[in-house]
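A.B. asks:
Residue numbers (this note's numbering): 1 to 166.
#1: Using 8 Å for Cβ pairs, my map puts residue 137 next to residue 153. What's the rounded Cβ distance?
#2: Roughly how many angstroms separate the alpha carbons of residue 57 and residue 85, rounded to a whole number?
#3: Are the CB atoms of residue 107 and residue 73 within a distance shorter than 8 Å?
#4: Please work out which residues of its chain come closer than 6 Å, Cβ to Cβ, to residue 143, disregarding the five sequence neighbours upstream and downstream, and give them in chain order.
#5: Quick check: the Cα distance between residue 78 and residue 145, rounded to an integer number of angstroms?
#6: Classify residue 139 as helix, strand or coil using the three-state DSSP reduction.
#7: Are there 16 or more other CB atoms within 10 angstroms of the CB of residue 105, so buried, or fewer, so exposed?
#8: In three-state DSSP terms, what is residue 156?
#9: Drop a sphere of 10 angstroms on the beta-carbon of residue 111, count the other beta-carbons inside from all chains shown, and report buried for 16 or more, exposed for fewer.
#10: Look at the alpha carbon of residue 133 and the alpha carbon of residue 115, and state the distance between them as a whole number of angstroms.
#11: Is residue 124 closer than 8 Å to residue 68 when the C-beta atoms are compared?
#12: Nearest by alpha-carbon distance to residue 131: which of 81, 71, 59, 75 is it?
#13: Would you mind working out which of 127, 59, 121, 91 sits nearest residue 161, comparing C-alpha positions?
#14: Hey, which unbroken runs of the beta strand (DSSP E) at 3 residues or more fall wholly within the stretch 57-86?
#15: Just curious, the beta strand (DSSP E) that residue 111 is in, first and last residue?
As structure tokens, then:
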């Protein structure tokens, strides 16, 4: 499977799926990993095989920090509508069945970008909510008139769970 690039406004995809991301060593968007891109520009002799497809993800709200892949996640049983930060599920060993293609449950999706502020956010309910698109709780609180009461209640409940003494 080939790596496909998308236009700059959508961020360049690392790859279409995990296996092709690992095998093709696709180019990483300068916005996401500028130190990798600048080091490749300096070292013109760097081979594509030396490029690591992993990037560092950090949630702008809870500061979850993890090394993962950024791109479109498409598997044999479904896909995510926009680019996400993901990795192979570290809690389950990969199934070694010849001819079996990866399915969505083989992956752990960590997060994506907020549709309003474009900050990276994890999928924890205290950090983001999916409502037609992914929105961080900061934007939902700030733009509360644009969201239904049910979404605002979900955010308030999640934030109250954080502030409760243990």
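We put the beta carbon where it would ideally sit given N, CA and C, even for glycine.
C.D. replies: From the atom records:
#1: In the chain shown, counting from the first residue as 1, residue 137 sits at position 137. In the chain shown, counting from the first residue as 1, residue 153 sits at position 153. No, residue 137 and residue 153 are not in contact; Cβ-Cβ is about 12 Å, not under 8 Å.
#2: By 1-based counting over the chain shown, the position of residue 57 is 57. By 1-based counting over the chain shown, the position of residue 85 is 85. Straight-line Cα distance between these residues: approximately 7 Å.
#3: By 1-based counting over the chain shown, the position of residue 73 is 73. By 1-based counting over the chain shown, the position of residue 107 is 107. In terms of Cβ geometry, residue 73 and residue 107 form a close pair [threshold 8 Å].
#4: Residue 143 sits at position 143 when you count from the first residue of the chain shown. Cβ neighbours of residue 143 beyond the five flanking positions: none.
#5: Within the chain shown, the letter at position 78 stands for residue 78. Within the chain shown, the letter at position 145 stands for residue 145. Rounded to the nearest angstrom, the two C-alpha atoms are 33 Å apart.
#6: Numbered from its first residue, the chain shown carries residue 139 at position 139. Three-state result, residue 139: helix.
#7: Reading the chain shown from its first residue, position 105 is the one you call residue 105. The Cβ neighbour count for residue 105, taken over all protein chains shown within 10 Å, is under 16; the residue is labelled exposed.
#8: Mapped onto the chain shown, residue 156 falls at position 156. The answer is helix: DSSP assigns residue 156 an H, G or I state.
#9: Looking up residue 111 in the chain shown gives position 111. It counts as buried.
#10: As a working note, residue 133 is residue 133 in the chain shown. As a working note, residue 115 is residue 115 in the chain shown. Each residue's Cα considered, the two are about 6 Å apart.
#11: The residue labelled residue 68 in the question sits at position 68 within the chain shown. The residue labelled residue 124 in the question sits at position 124 within the chain shown. No; because the gap between Cβ atoms is not below 8 Å, this pair is not in contact.
#12: What you label residue 131 is simply residue 131 of the chain shown in a count that begins at 1. Looking from the CA of residue 131, the closest CA among 81, 71, 59, 75 belongs to 81.
#13: One-based indexing of the chain shown puts residue 161 at position 161. Among 127, 59, 121, 91, the Cα nearest to that of residue 161 belongs to 127.
#14: For the stretch 57-86, whole beta strand (DSSP E) runs of length 3 or above, ordered along the chain, are 65-71.
#15: Counting from one through the chain shown, the residue named residue 111 turns up at place 111. Here the beta strand (DSSP E) through residue 111 covers 107-113.
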